[in-house]
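Using our numbering, you'd call the opening residue of the sequence shown number 12 and step up by one each time.
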Amino acid sequence: MKIITVKNEAEGGKVAFDIIKNEMMTGNVKTFGLATGSTPETLYQEIVASDLDFTEMNSVNLDEYVGLVSDNDQSYHYFMKKHLFEAKPFKTNYLPDGTVTDAKKECERYDRVIAENPIDIQILGIGENAHIGFNEPGSSFEGTTSKVKLTESTIAANSRNFAKKEDVPTHAYSMGIKSIMQSKKIILLAYGTKKAEAIFNSLQGPVTENVPGSALQNHSDVIVIVDEAAAKLLK
Ligand code: GLP
């Protein structure tokens with residue numbers, strides 16, 4: 012695991028972008044695993060401002076809220092369109108469909124999508140409780156796509172993007188930790204003091220299902236990009 016400490020989110024976005032650009036130049040990258048949240052925004056800005064061509068690339072997103080239609084401005088479909096896909100067209104963008112009520116069917120469909128599009132580079136943020144995707148503490152490291160009940164702390168953290176806490180969906184479809192771990196390369200981004208504990212527990216704490224991010228210690232190609240605040244508990 013390689014840890015790169017940057018000054019701020021702007022530099023983090025540039026460092027992550029350079030890694031992606033170099034990987035794309037090898038010609039071996041076809042599919043990106045993508046994340047939502049404020050963390051990857053500076054990376055997406057770099058991609059949008061670049062002349063890199065993604066029209067032959069596919070993307071597979073980590074998660075989507077259950078119950079939100081794709082043009083709801085809080086949906087992860089909308090976020091990805093607004094921050095990346097509108098300006099940087101890909102060949103195909105895959106996301107879980109939050110409007111499907113038959114969870115088993117939607118999870119099976121998404122697992123097929125992942126199997127057919129093996130992820131070369133997975134971009135990851137991390138929750139304050141160390142969730143990755145929407146895999147909350149206690150999620151199995153062997154888990155595939157599932158309908159997740161969000162924890163109170165995740166709902167509280169994500170409520171900043173909604174008019175009121177009651178508007179935050181209680182469930183999400185999320186790619187499982189097993190699928191995340193099958194990505195060839197993982198770039199984990201984290202900024203700010205609020206992420207310091209999650210970063211310490213994930214990178215230097217015991218590997219345990221109580222800390223979803225700690226699964227990454229078992230992956231052979233993880234690059235972590237953190238600012239000093241998020242890195243402050245690391246030894
Ligand atoms: C959500 C997403 C995660 C993301 C996390 C952190 O819960 N499902 O993929 O990593 O939020 O979000 P932020 O980057 O806004 O701190």
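Beta carbons are placed, not taken as given, at the ideal position from N, Cα and C, and that holds for glycine.
| Check | Outcome |
| --- | --- |
| Y121 beta carbon less than 8 Å from that of Y76 | no |
| M68, buried or exposed, once every other Cβ within 10 Å from all chains shown has been counted against 16 | buried |
| Proximity below 8 Å, CB of K135 to CB of L54 | For clarity, residue 135 is Leu in the given sequence; the question names Lys instead. No; because the gap between Cβ atoms is not below 8 Å, this pair is not in contact. |
| Neighbourhood of D232 by C-beta distance below 8 Å, restricted to the same chain and skipping five residues each side | K195, K196, I197 |
| C-alpha gap between G109 and K116, whole angstroms | 12 Å |
| Beta-bridge pairing of T238 - partner residues as DSSP gives them | First, the residue type needs correcting, since residue 238 is Asp and not Thr in the sequence shown. Paired residue(s): V17. |
| Cβ contact check for the stretch 209-222 and the stretch 148-158: 3 or more pairs under 8 Å | yes |
| Residue closest to Q133, alpha-carbon to alpha-carbon, out of I30, E239, A240 | I30 |
| Beta-bridge partners of H182, as assigned by DSSP | K160 |
| Sheet register partners of G138 (DSSP bridge) | Beta-bridge pairing links G138 to no other residue. |
| Residue(s) in a DSSP beta bridge with Q133 | G44, I197 |
| Residue nearest to L73 in terms of C-alpha spacing, selected from G48, I234, M12 | G48 |
| Any chain D beta carbon closer than 8 Å to H142 | Absent from the structure is chain D; it holds one protein chain and no more. |
| Neighbourhood of E139 by C-beta distance below 7 Å, restricted to the same chain and skipping five residues each side | S164, A168, K205, K206, A209 |
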